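Peer 1: Before we start, here is the structure in question, set down as structure tokens.
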Amino acid sequence: MHGTWNEFLNIVHEEIGSRVVETWFKSIKFERWDSIEKIAYLVAPNAFVKDWVQKHYMQLLQMHLGRLLHVDMPRVSIEAGTRNPTETKKTNAAPILVIPASVAQTKNSIVRANKPRYGHINKNYSFENFVIGPSNSLAYAAAYAITEQPGNRYNPLFIYGKSGLGKTHLLHAIGNEIKNRYPDAIILYQPADRFVSEFINAIRFNKVHTFQRKYHTIDVLLIDDLQFISHKEHTQEAFFHIFNALYESHKQIVFSSDLFPHDIEGIADRLRSRLACGLITDIYMPSLETKIAILKKKAASNSEVIDDEIAHFIASQVTSSIRELEGALIRVLAFATLTKQAITIDLAKRVLNRAQYTKQKKMIDFNQIMTGIYKFYPYSYEVLCSKSRNKELAQARQVAMFLMKKLTDKSLRDIGSFLGGRDHTTIMHGLQKVEYVLHKDVKLQEKIKSIEKVIHTI
Ligand code: ADP
Ligand code: MG
124 MHGTWNEFLN IVHEEIGSRV VETWFKSIKF ERWDSIEKIA YLVAPNAFVK DWVQKHYMQL
184 LQMHLGRLLH VDMPRVSIEA GTRNPTETKK TNAAPILVIP ASVAQTKNSI VRANKPRYGH
244 INKNYSFENF VIGPSNSLAY AAAYAITEQP GNRYNPLFIY GKSGLGKTHL LHAIGNEIKN
304 RYPDAIILYQ PADRFVSEFI NAIRFNKVHT FQRKYHTIDV LLIDDLQFIS HKEHTQEAFF
364 HIFNALYESH KQIVFSSDLF PHDIEGIADR LRSRLACGLI TDIYMPSLET KIAILKKKAA
424 SNSEVIDDEI AHFIASQVTS SIRELEGALI RVLAFATLTK QAITIDLAKR VLNRAQYTKQ
484 KKMIDFNQIM TGIYKFYPYS YEVLCSKSRN KELAQARQVA MFLMKKLTDK SLRDIGSFLG
544 GRDHTTIMHG LQKVEYVLHK DVKLQEKIKS IEKVIHTI
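For the sequence shown, counting from 1, position 214 maps to 337 in our numbering; every step adds exactly one.
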């Protein structure tokens, strides 16, 4: 099992970086593989790591362990072991994780691969643990209202707002609540980029019918981050038909996006007007008061209490998103726990000020890069992903690969799968080619510079 686990660590390292491996996976032991029941038994050093990994990385575990062990989506059981506390490394640096000793050890749980009918709905995101304030009360009320009579009231519901403000949380909360009220409803949560790759694969493997059938049987469709569908004409076309069919049979549809429908670039007008035909609500950055309430609730769910002054201080430091707010709280709690100090204002100041300096620069994602490419080459996403080797198209594709490698820390495998399921050797070959051409082609050098400039302004 040791070899498999090491291989898994290498993959995660390549895919999402060393921080995740160091912070979470290195401390986990792959205890045993039950090849009959197809269950991988893992042991985490404590309940916190167990819960965190379960909440955030279960799919990743299932996917890669499945591949390494040659089974399709195995079950993964994570148990919280008890480790000798002296084994925990003492550190002065502000760590990224909380390991509150007070977290109660929860029972060993087996997590089954998600049944397709519930399409990966995360139980941890509920209406109960969503803090309401003026910045999100309309979105909350609309989201809650549709769970009473899905498909009948606000359809589609469109929630937009900047990243990290609770859109995904609300979508899952809708899914969970409808599941409670209507246990037989078929609910699918699908991030738009997954929808896109699902569609592209359906075309590649001649499975468009299966794809359509799947979507036509759904009662509630929750599409997250709809902006990823922009500039993907064929996917939009397919989506348009799915949307119409569901809408006409009064099935509930909910979208989230970082932009108002009319501001999403590269969306066909007829689809745009469909998106806007229900209720549109936004979420914005909460006020200081709501931020404090969120901090207190999050601390409580970690079995910690923080007093008003500290909550006020942390809340006033974070202005960008609730995700960052959570991150700041986690750093403070972690530091206090690991250094066995009380949580004081002084401690919070030390941790958060230090974190400011080490904060990573803003990550660029593949879709930003594609937006740059679309501005300089006349191809849609599907055409870029196709097999066609026309010279200019091949160049556009290679430039996309080049920029993805240069501007993100994603692996060749990720780049390949984003660009129509190409394997990593194809990407390597493309990169070599573009680098070779770049040497002598000043025009291309200039073009790439201009594309980069555009990407950085997105
Ligand atoms: P988005 O999808 O808008 O980028 P998320 O839904 O992923 O944002 O939210 C980021 C984090 O912030 C999540 O952990 C979520 O639980 C938390 N969060 C956002 N809004 C709230 C809220 N109102 N109350 C409690 N937690 C929230
Ligand atoms: Mg989200």
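Just so it is clear, CB atoms sit at the ideal spot from N, CA and C, and this is done for glycine as well.
Note that this is a predicted model, so its numbers are computed, not measured.
From what residue to what residue does the beta strand (DSSP E) around L311 run?
Peer 2: Position 188 of the sequence shown, counting from 1, holds the residue named residue 311. Where L311 is concerned, the enclosing beta strand (DSSP E) stretches over 310 to 314.
Peer 1: If you measure from each residue's Cβ to the nearest non-hydrogen atom of the ligand MG, which ones come out under 7 Å, in chain order?
Peer 2: Listed along the chain, these residues meet the criterion: S286, K290, T291, D347, D348, S379.
Peer 1: Which of the three DSSP states, helix, strand or coil, is assigned to S260?
Peer 2: The count along the sequence shown starts at 1 and reaches residue 260 at position 137. Here S260 sits in helix by DSSP.
Peer 1: A423 to D174, Cα distance in whole Å?
Peer 2: Within the sequence shown, the letter at position 300 stands for residue 423. Within the sequence shown, the letter at position 51 stands for residue 174. Those two C-alpha atoms are separated by around 15 Å.
Peer 1: For E202, which residues does DSSP report across the bridge?
Peer 2: Within the sequence shown, numbered from 1, the residue matching residue 202 stands at position 79. For E202, which the question treats as bridged, DSSP gives the partners V166.
Peer 1: Does the beta-carbon of R446, which I'm using as the reference point, lie nearer than 6 Å to any heavy atom of the ligand ADP?
Peer 2: Here residue 446 is taken as the residue at index 323 of the sequence shown, counted from 1. The answer is yes for R446.
Peer 1: Going by CA-CA distance only, name the one from A457, L535, F458, S249 that's closest to F489.
Peer 2: Residue mapping note: residue 489 aligns to position 366 of the sequence shown, counting from 1. Comparing Cα-Cα distances from F489 to each of A457, L535, F458, S249, the minimum goes to L535.
Peer 1: Between W147, A170, Q185, P197, which has its C-alpha nearest L157's C-alpha?
Peer 2: What you label residue 157 is simply residue 34 of the sequence shown in a count that begins at 1. Note on identity: in this sequence residue 157 is Asp, with Leu being the wrong assignment. Taking only the C-alpha atoms, the option nearest D157 is P197.
Peer 1: Do Y283 and S396 have their CB atoms nearer than 7 Å?
Peer 2: Position 160 of the sequence shown, counting from 1, holds the residue named residue 283. Position 273 of the sequence shown, counting from 1, holds the residue named residue 396. No, the Cβ-Cβ distance between Y283 and S396 is not below 7 Å.
Peer 1: Decide if P409 is buried, meaning its Cβ has at least 16 other Cβ atoms within 10 Å, or exposed.
Peer 2: One-based indexing of the sequence shown puts residue 409 at position 286. Buried, since its Cβ has 16 or more Cβ neighbours within 10 Å.
Peer 1: Only counting the same chain, and skipping five residues up and downstream in sequence, which positions put a Cβ closer than 7 Å to that of D334?
Peer 2: Mapped onto the sequence shown, residue 334 falls at position 211. Residue 334 is actually Phe in this sequence, not Asp. Closer than 7 Å at the Cβ level, and outside the excluded window around F334, lie E321, F322, A325.
Peer 1: Are the region 304 to 316 and the region 428 to 439 touching by the rule of at least three beta carbon pairs closer than 8 Å?
Peer 2: Segments in contact, no.
Peer 1: Have a look at the DSSP bridge pairing and note the partners of L402.
Peer 2: As a working note, residue 402 is residue 279 in the sequence shown. BP columns for L402 point to L280.
Peer 1: Compute the minimum distance between the beta carbon of L261 and the heavy atoms of the ligand ADP, and state whether it is under 6 Å.
Peer 2: The residue given as residue 261 occupies position 138 in the sequence shown. Checking the Cβ of L261 against the ligand ADP gives no.
Peer 1: Q568: buried (16+ other C-beta within 10 angstroms of its C-beta) or exposed?
Peer 2: Reading the sequence shown from its first residue, position 445 is the one you call residue 568. Exposed, because fewer than 16 other Cβ atoms sit within 10 Å of the Cβ of Q568.
Peer 1: If we count the other Cβ atoms within 10 Å of its Cβ and call it buried at 16 or more, is K238 buried or exposed?
Peer 2: As a first step, residue 238 must be located in the sequence shown, where it is residue number 115. For K238, the predicted structure reports a pLDDT of 39, less than 50, and the residue's modelled location is therefore unreliable. The matter cannot be settled from this model.
Peer 1: Can you find a heavy atom of the ligand HEM that lies under 6 Å from the Cβ of L452?
Peer 2: Here the bound small molecules are the ligand ADP and the ligand MG; the ligand HEM is not part of this structure.
Peer 1: Just mark S643 as buried or exposed, buried being the case when its beta carbon has 16 or more other beta carbons within 10 Å.
Peer 2: Only positions 124 to 581 of the chain appear in this structure, which leaves residue 643 out of reach.
Peer 1: Counting along the chain, where does the alpha helix (DSSP H) carrying L554 start and finish?
Peer 2: Against the sequence shown, residue 554 aligns to sequence position 431. Run containing L554: 547 to 563, per the alpha helix (DSSP H) assignment.
Peer 1: Kindly indicate the opening and closing residues of the beta strand (DSSP E) around V377.
Peer 2: In the sequence shown, residue 377 corresponds to position 254, counting from 1. 375 to 380 is the extent of the beta strand (DSSP E) around V377.
Peer 1: For L402, which residues of its own chain have a beta-carbon under 6 Å away from its beta-carbon, when the five flanking residues on both sides are left out?
Peer 2: Translated into the one-based positions of the sequence shown, residue 402 becomes position 279. For L402, where only same-chain residues beyond five positions count, the Cβ hits under 6 Å are A265, Y277, L280.
Peer 1: Counting only the same chain and skipping the five closest in sequence on each side, list residues whose C-beta sits under 7 Å from that of L191.
Peer 2: Your numbering for residue 191 matches position 68 in the sequence shown. Within the same chain, L191 has close Cβ partners T127, E130, F131.
Peer 1: Please name the residue or residues paired with D392 in a DSSP beta bridge.
Peer 2: Here the question's residue 392 lines up with position 269 in the sequence shown. Paired residue(s): none; D392 is not in a bridge.
Peer 1: Please state whether the Cβ-Cβ distance between V474 and V455 is less than 7 Å.
Peer 2: On the sequence shown, residue 474 is found 351 positions in, with the first residue counted as 1. On the sequence shown, residue 455 is found 332 positions in, with the first residue counted as 1. Contact: yes.
Peer 1: Have a look at the DSSP bridge pairing and note the partners of R155.
Peer 2: Working through the sequence shown from its first residue, we reach residue 155 at position 32. Bridge partners of R155: Y164.
Peer 1: Out of curiosity, what's the CA-to-CA distance linking M124 and Q177?
Peer 2: As a working mapping, residue 124 is identified with position 1 in the sequence shown. As a working mapping, residue 177 is identified with position 54 in the sequence shown. Each residue's alpha carbon lies about 20 Å from the other.
Peer 1: Kindly examine the ligand ADP and report whether one of its heavy atoms sits closer than 6 Å to the Cβ of I415.
Peer 2: The count along the sequence shown starts at 1 and reaches residue 415 at position 292. Not so, every heavy atom of the ligand ADP lies at least 6 Å from the Cβ.
Peer 1: Using a Cβ-Cβ cut-off of 8 Å (strictly less than) and excluding sequence neighbours within five positions of K566, which residues of its own chain qualify?
Peer 2: Numbered from its first residue, the sequence shown carries residue 566 at position 443. Hits under 8 Å: none found.
Peer 1: Please name the residue, chosen from L561, Q555, D348, I297, that lies closest to D342 on a Cα-to-Cα basis.
Peer 2: As a first step, residue 342 is located in the sequence shown; it is residue number 219 there, counting from the start. The shortest C-alpha separation from D342 is found at I297.
Peer 1: Which residue's Cα is closest to the Cα of V254: I139, E449, Y305?
Peer 2: Translated into the one-based positions of the sequence shown, residue 254 becomes position 131. Ranking the options by Cα distance to V254, first place goes to E449.
Peer 1: So the beta strand (DSSP E) I255 belongs to, where does it begin and stop?
Peer 2: If you number the sequence shown from 1, residue 255 lands on position 132. Counting along the chain, I255 falls outside any beta strand (DSSP E), and DSSP gives it neither H nor E.
Peer 1: Would DSSP call D488 helix, strand or coil?
Peer 2: The residue labelled residue 488 in the question sits at position 365 within the sequence shown. Three-state result, D488: coil.
Peer 1: Rank E575, I269, N425 by C-alpha distance to the C-alpha of Q375 and give the top, closest one.
Peer 2: The residue labelled residue 375 in the question sits at position 252 within the sequence shown. The candidate whose alpha carbon is nearest that of Q375 is I269.
Peer 1: Taking the DSSP output, what are the residues bridged to V343?
Peer 2: The residue given as residue 343 occupies position 220 in the sequence shown. Note: V343 sits in a beta bridge opposite I310, Q375.
Peer 1: Under 8 Å by Cβ, that's how I've got T404 and D347 pegged, so tell me the actual separation to the nearest angstrom.
Peer 2: If you number the sequence shown from 1, residue 404 lands on position 281. If you number the sequence shown from 1, residue 347 lands on position 224. Actually they do not touch by this definition, with Cβ atoms about 15 Å apart.
Peer 1: Using 8 Å as the threshold, is the region 354 to 367 in touch with the region 492 to 508, meaning 3 or more CB pairs across them?
Peer 2: Counting Cβ pairs under 8 Å, three or more are found: they touch.
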